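Take a look at the structure below.
2 protein chains.
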Amino acid sequence: MTELELLAAAAREASRRLAFLPTDEKNAALLDLASGLESRRGEVLAASARDMAAAERAGLGGPKLRRLELGEKGLTQLIEGVRQVAALPDPVGEVTRDRVVPSGLRVRKVRAPLGVIMMIYEARPGVTIDAFALCFKAGNACILKGGREAAESNAVLARIARDALQGCGLPEAALTLITTSDRDEIRQLLSMESQIDLVIPRGGESLIRFVHEHSRIPTVQHFQGVCHALVDASADLEMALDICVTGKTSAPATCNALECVLVHEEVARRFVPALAERCAAAGVELRGDGLVTSLAPSAKQAVEDDWGREFLDLILAARVVKGLDEAIAHIQRYGSGHTDAIITKDRASAERFTAEVQSSCVLVNASTRFNDGFQLGLGAEIGISTSRVHAFGPMGLEELTTQRYVVEGSGQVR
Amino acid sequence: MTELELLAAAAREASRRLAFLPTDEKNAALLDLASGLESRRGEVLAASARDMAAAERAGLGGPKLRRLELGEKGLTQLIEGVRQVAALPDPVGEVTRDRVVPSGLRVRKVRAPLGVIMMIYEARPGVTIDAFALCFKAGNACILKGGREAAESNAVLARIARDALQGCGLPEAALTLITTSDRDEIRQLLSMESQIDLVIPRGGESLIRFVHEHSRIPTVQHFQGVCHALVDASADLEMALDICVTGKTSAPATCNALECVLVHEEVARRFVPALAERCAAAGVELRGDGLVTSLAPSAKQAVEDDWGREFLDLILAARVVKGLDEAIAHIQRYGSGHTDAIITKDRASAERFTAEVQSSCVLVNASTRFNDGFQLGLGAEIGISTSRVHAFGPMGLEELTTQRYVVEGSGQVR
């Protein structure tokens, strides 16, 4: 066996023990991990500083460099996050259905771990701890392949987690950190379908495409969010302005940020100039169709490429539509199935919009920014899936499990 | 666009309408399909006869030929099956969670269709109707690629279904029958990830491998069932004999048939000779390890290859184990995660077995043959998934859906 095969086999072996580990043992290990991170703060921060210095020497800058940073505040949040995961209910063993069928069998459907989860991610070293905590609480072993730039931070964080596992008498292979960045070796891992049950790529488009192309293991993708908001004829326009502007400004680089506003023609004359003014004040570039630019001369003329685009920046597209039909058709054509919202006072419009727009999260009179595991009450999330299969939308603990049948009989045969 | 691309685009378009089609309209179309099958019995039977004649000319025989046959009785069952699917509750729109989170948002998790499902299957033409009925009831369009041998039957069945759709004013593209068997064209379809949401291969190992290797679309596999039964030290041995022998004889070629019996050494001396006798009487070839053959001279000596093998025939492997540890280790090594059973009177053994054996269905004191959608109370099934991701075990209507969030607010922003 190659070294990678040995690592994967050890992860599988560890997953067998985790699958039926009592909740209190899992929580104890997570709390030990939190304490370990607390008492070894200096070690973590020093590793992060080494990563940052190397990245700066290599010319990394802007958002990438910021994502790489793990400072005092970020570390405190990370530790708090681990404690929160420990406090969440254990999904494993939850009985989601329990009935006696005509043959007399008692049929229970029970949540169970997926097994071994591989996560491939970039930059943010905190993911090493977040992902481990969630996978572990859901009874899974994880194989983590972080970004090269975060190598030192990831190594220290993984070490602390493995020390916590060992201290609790649990298999260290519950967390395996892959240090290679060799694409051939990653491809090898992506072909180990008998040892790895699920692959979650989280990062830029090229990473996701690479994983998708080469994985023989099921993947759940966290792809782009091209989020729309429809300002309906009956919308409260002040509410709509708030939702549209903050939807862009509160975190422009996130996947649930608003990218495109669709304005019902009946309110365009009142809404578009106000939107342009608020955008200008907030430093947001507005790119509109002909009607938008005629109503708001400060808006730039949008080009075809601006529809369906995830700007990841302070840019917002806007288009006037004749009504719900045209808005829904636009979203079906250009949307990414991530998050879409309608601002309306009309019950029938809201119902039609939520029924026909089949995105992972559809909101009525609220910001697209709420499509997030914490905000929707999942407690924590490992990312937001844009695959409809297995998990769609924020992936919390439940989405890191499967369900199986446990059946009790008294000698039934067929 | 190629012809296949046009077909897939039409399926996607149809799926948009099916996604929010009211339950009564779906049921009406299914009942019209049942009536259509009833009134066009002659057409179906004639097409099946042509397929059978061609298959016999081509030298097809045995179980393959039997699976191809769609006679009077099979057709009646098929029609009854469609009516049963119409009578099942509609999974779409089911609210699986409903809560108000601290921000005041009302967050509902709602079942929604997957979209477009492609199914690739062999021989049995009835799958054309079964698969369509289930996909359609769950709000999905389907693309069906049946076996070449069943071409005539499949064409007539699909025509009747499309006529029912058209008669109800629904898009015929809700069912697309692919008639090519060209592997390049199948590969083309398997790469249409933006039009097709899920691929379900159902058939022999080579079909499943082909799909798994070439699909860029998520797949759920219905792979082999290497089912085990452990006869524990405290087992009711008469019950164990019934479960073991009928587990093999009632349908030896199905995936939930029993393949291997593990016998606790404490009861081996009493159980193995009785098992051998019952097997001999039922025409089942017993292949045992050294202990089994010494206790039952009629048993053949098993070779390494007999462990973990899906015989699909009247052959049963048997091994004596020291206890639960060895039995579980055997199942983890040789099992396929499909179905495993324990026969025991000991509560602790049952609990340990059901916790540590993580198969899609684990049974206590019942036959492995119960891992089946009808038997477990799902109403109907499209197959039994051996993938842990998305669906594990029998796939019924629920497993042909996803879940998404529908959120109502009153102007909340972040």
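Residue numbers (this note's numbering), protein chains in the order written: chain A, 1 to 414; chain B, 1001 to 1414.
Ideal Cβ placement from N, Cα and C applies to all residues, glycine included.
Quantities reported herein were computed from a predicted structural model and do not represent experimental measurements.
Query raised in the report: Between the beta-carbon of V220 of chain A and the beta-carbon of S15 of chain A, is there less than 8 angstroms?
Result: In the first sequence, counting from the first residue as 1, residue 220 of chain A sits at position 220. In the first sequence, counting from the first residue as 1, residue 15 of chain A sits at position 15. Going by C-beta atoms, V220 of chain A is not nearer than 8 angstroms to S15 of chain A.
**Report entry** Rounded C-alpha distance that separates P89 of chain A from A240 of chain A
**Finding:** Locating residue 89 of chain A in the first sequence gives position 89, where the first residue counts as 1. Locating residue 240 of chain A in the first sequence gives position 240, where the first residue counts as 1. Roughly 37 angstroms separates the two Cα atoms.
Query raised in the report: Should the stretch 1007-1021 of chain B be called in touch with the stretch 253-262 of chain A, which here means at least 3 C-beta pairs below 8 angstroms?
Result: no
Requested in this report: Reducing DSSP to helix, strand and coil, say where P125 of chain A ends up.
Outcome: Here residue 125 of chain A is taken as the residue at index 125 of the first sequence, counted from 1. If DSSP states are grouped into helix, strand and coil, P125 of chain A belongs with coil.
Report task. Quick one: using the 10 Å Cβ neighbour count with 16 as the cut-off for buried, is T2 of chain A buried or exposed? Result -> The residue labelled residue 2 of chain A in the question sits at position 2 within the first sequence. T2 of chain A should be labelled exposed.
Query raised in the report: By Cβ distance, which residues of its chain are closer than 8 angstroms to C168 of chain A, with the 5 residues on each side in sequence left out?
Result: Within the first sequence, the letter at position 168 stands for residue 168 of chain A. The residues are E25, A28, A29 and D32.
Query raised in the report: Of all the options B:Q1224, B:G1323 and B:L1170, which has the alpha carbon lying nearest to the alpha carbon of A1350 of chain B?
Result: One-based indexing of the second sequence puts residue 1350 of chain B at position 350. Nearest of B:Q1224, B:G1323 and B:L1170 to A1350 of chain B, Cα basis: B:G1323.
Requested in this report: Work out the CA separation of Q301 of chain A and T1176 of chain B for me, nearest whole Å.
Outcome: The residue given as residue 1176 of chain B occupies position 176 in the second sequence. The residue given as residue 301 of chain A occupies position 301 in the first sequence. Taking the straight line joining both Cα atoms gives about 41 angstroms.
Query raised in the report: How about the stretch 1355-1373 of chain B and the stretch 1072-1085 of chain B: do they share at least three Cβ pairs that are nearer than 8 angstroms?
Result: no
Query raised in the report: Is the shortest distance between the beta-carbon of N140 of chain A and the beta-carbons of chain B less than 8 angstroms?
Result: Numbered from 1 along the first sequence, position 140 holds the residue referred to as residue 140 of chain A. Cβ-Cβ to chain B under 8 angstroms: no for N140 of chain A.
Requested in this report: Please confirm if Y405 of chain A has its CB atom under 8 angstroms from at least one CB of chain B.
Outcome: Mapped onto the first sequence, residue 405 of chain A falls at position 405. For Y405 of chain A, the answer is yes, since a Cβ of chain B falls inside 8 angstroms of its Cβ.
**Report entry** Where the stretch 1018-1043 of chain B meets chain A: residues whose CB sits under 9 angstroms from a CB there
**Finding:** Identification of residues in the stretch 1018-1043 of chain B having a C-beta nearer than 9 angstroms to some C-beta of chain A yields A1019 and F1020, given in sequence order.
Requested in this report: For the stretch 162-243 of chain A, list the alpha helix (DSSP H) runs that are entirely contained and at least 4 residues long, ordered along the chain.
Outcome: 183-190 and 205-214
Query - the stretch 1094-1104 of chain B / the stretch 1034-1051 of chain B touching (three or more Cβ pairs under 8 angstroms) - result: no
Requested in this report: Under 8 angstroms Cβ to Cβ from P113 of chain A, same chain only, skipping five residues before and after it: list those, please.
Outcome: One-based indexing of the first sequence puts residue 113 of chain A at position 113. The residues are S15, L18, A19, V92, A138, G139, N140, L400, T401 and T402.
Query raised in the report: Hey, is the stretch 184-192 of chain A in contact with the stretch 294-311 of chain A, meaning 3+ C-beta pairs nearer than 8 angstroms?
Result: no
Query raised in the report: On the three-pair Cβ rule with 8 angstroms, is the stretch 311-327 of chain A touching the stretch 245-253 of chain A?
Result: Result yes; three or more Cβ-Cβ pairs closer than 8 angstroms.
Query raised in the report: Grouping DSSP H, G and I as helix and E and B as strand, with all else coil, what is E56 of chain A?
Result: Translated into the one-based positions of the first sequence, residue 56 of chain A becomes position 56. If DSSP states are grouped into helix, strand and coil, E56 of chain A belongs with the helices.
Query raised in the report: From which residue to which residue does the alpha helix (DSSP H) around T1023 of chain B run?
Result: By one-based count along the second sequence, residue 1023 of chain B stands at place 23. Where T1023 of chain B is concerned, the enclosing alpha helix (DSSP H) stretches over T1023 to S1039.
Query raised in the report: Under three-state DSSP, which class holds K1137 of chain B?
Result: Working through the second sequence from its first residue, we reach residue 1137 of chain B at position 137. Of the three classes helix, strand and coil, the one that applies to K1137 of chain B here is helix, per DSSP.
Query raised in the report: Which chain B residues are close to F370 of chain A, counting only those with a beta carbon under 8 angstroms from its beta carbon?
Result: Counting from 1 along the first sequence, the entry for residue 370 of chain A is found at position 370. Chain B residues near F370 of chain A: S1103, L1105, V1407, G1409, Q1412 and R1414.
Query raised in the report: Less than 8 angstroms separating the beta-carbons of V1263 of chain B and V1272 of chain B?
Result: Taking the first residue of the second sequence as position 1, residue 1263 of chain B is located at position 263. Taking the first residue of the second sequence as position 1, residue 1272 of chain B is located at position 272. In this structure, V1272 of chain B lies closer than 8 angstroms to V1263 of chain B by Cβ.
Query raised in the report: What three-state label does DSSP hand V1245 of chain B in the structure shown?
Result: The count along the second sequence starts at 1 and reaches residue 1245 of chain B at position 245. Note: V1245 of chain B maps to helix in three-state DSSP.
Query raised in the report: Which whole-angstrom value is the C-beta distance of P1125 of chain B and L1207 of chain B, which I expect to be below 8 angstroms?
Result: In the second sequence, counting from the first residue as 1, residue 1125 of chain B sits at position 125. In the second sequence, counting from the first residue as 1, residue 1207 of chain B sits at position 207. The pair is not a contact, with the Cβ atoms about 16 angstroms apart (cut-off 8 angstroms).
Query raised in the report: Is there a Cβ from chain A that is less than 8 angstroms from the Cβ of P1218 of chain B?
Result: Along the second sequence, read from residue 1 onward, the residue named residue 1218 of chain B stands at position 218. For P1218 of chain B, the answer is yes, since a Cβ of chain A falls inside 8 angstroms of its Cβ.
Query raised in the report: With a cut-off of 8 angstroms, does the C-beta of E69 of chain A fall near any C-beta of chain B?
Result: Position 69 of the first sequence holds residue 69 of chain A. Not one chain B Cβ lies under 8 angstroms of E69 of chain A.
Query - Chain-ordered residues of the stretch 1228-1246 of chain B with a beta carbon less than 8 angstroms from chain A - result: D1236, M1239, D1242, I1243 and T1246
Query raised in the report: Between the stretch 384-402 of chain A and chain B, which residues of the former have a C-beta closer than 7 angstroms to a C-beta of the latter?
Result: S387, R388, V389, H390, F392, G393 and T402
Requested in this report: Decide if the stretch 332-350 of chain A is in contact with the stretch 217-233 of chain A; the criterion is three or more beta carbon pairs, one per stretch, under 8 angstroms apart.
Outcome: yes
Query - Contact with chain B by Q445 of chain A, beta-carbon distance below 8 angstroms - result: As shown, chain A starts at 1 and ends at 414. That puts residue 445 of chain A outside it, with no answer to give.
Report task. Ignore the nearest five residues each way along the sequence and tell me which others in G36 of chain A's own chain have a CB closer than 7 angstroms to its CB. Result -> Residue numbering aside, residue 36 of chain A sits at position 36 when the first sequence is read from its first letter. Taken in chain order, the residues that qualify are I160, D163 and A164.
Requested in this report: Quick one: using the 10 Å Cβ neighbour count with 16 as the cut-off for buried, is R347 of chain A buried or exposed?
Outcome: As a first step, residue 347 of chain A is located in the first sequence; it is residue number 347 there, counting from the start. Looking at its Cβ environment, which holds fewer than 16 other Cβ atoms inside 10 Å, R347 of chain A is exposed.
Report task. Could you tell me whether any Cβ in chain A is nearer than 8 angstroms to the Cβ of C1361 of chain B? Result -> Position 361 of the second sequence, counted from the start, is the residue given in the question as residue 1361 of chain B. It does; some Cβ of chain A falls within 8 angstroms.
Query raised in the report: Which runs of the alpha helix (DSSP H) fall wholly inside the stretch 263-287 of chain A and span at least 4 residues, in chain order?
Result: 265-282
**Report entry** N-terminal and C-terminal residue of the alpha helix (DSSP H) that V292 of chain A is part of
**Finding:** Indexing the first sequence from 1 puts residue 292 of chain A at position 292. Counting along the chain, the alpha helix (DSSP H) containing V292 of chain A begins and ends at G290 to L295.
Requested in this report: Kindly say whether R99 of chain A, judged by its beta-carbon, lies nearer than 8 angstroms to any beta-carbon of chain B.
Outcome: Taking the first residue of the first sequence as 1, we reach residue 99 of chain A at position 99. Yes, its Cβ sits closer than 8 angstroms to a Cβ of chain B.
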